[in-house]
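Enquirer: Before I ask anything, let me first share the structure, which is written out below as structure tokens.
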Amino acid sequence: MSRGGTFVRGDAMTLSEKRGSGRWLSAEGRHVEAQNAVIALGPWSGDLLKRHTKTC
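Per the numbering used here, the sequence shown starts with residue 465, numbered consecutively.
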């Protein structure tokens, strides 16, 4: 956070990514533009990974 990070809490299953001029993540209607993201999901990480590897 001291290096300019942003902490966003929300339902990870609502995450989406838009490609183009920049990347942004959307979770529960909140939008964050970022080049990189760390998403901590614990036991639910497999569910999100399966969903996004099918669409990417």
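C-beta atoms are modelled at their ideal positions from N, C-alpha and C, and glycine is treated no differently.
List the residues that DSSP assigns as beta-bridge partners of residue 509.
Expert: Residue mapping note: residue 509 aligns to position 45 of the sequence shown, counting from 1. Its beta-bridge partners do not exist; DSSP assigns none.
Enquirer: Does the distance between the C-beta of residue 478 and the nearest non-hydrogen atom of the ligand ZN fall short of 7 Å?
Expert: This structure lacks the ligand ZN; in fact it carries no ligand of any kind.
Enquirer: With a Cβ-Cβ cutoff of 8 Å, do residue 470 and residue 496 count as a contact?
Expert: Numbered from its first residue, the sequence shown carries residue 470 at position 6. Numbered from its first residue, the sequence shown carries residue 496 at position 32. Against a cut-off of 8 Å, the Cβ pair of residue 496 and residue 470 comes out as a contact.
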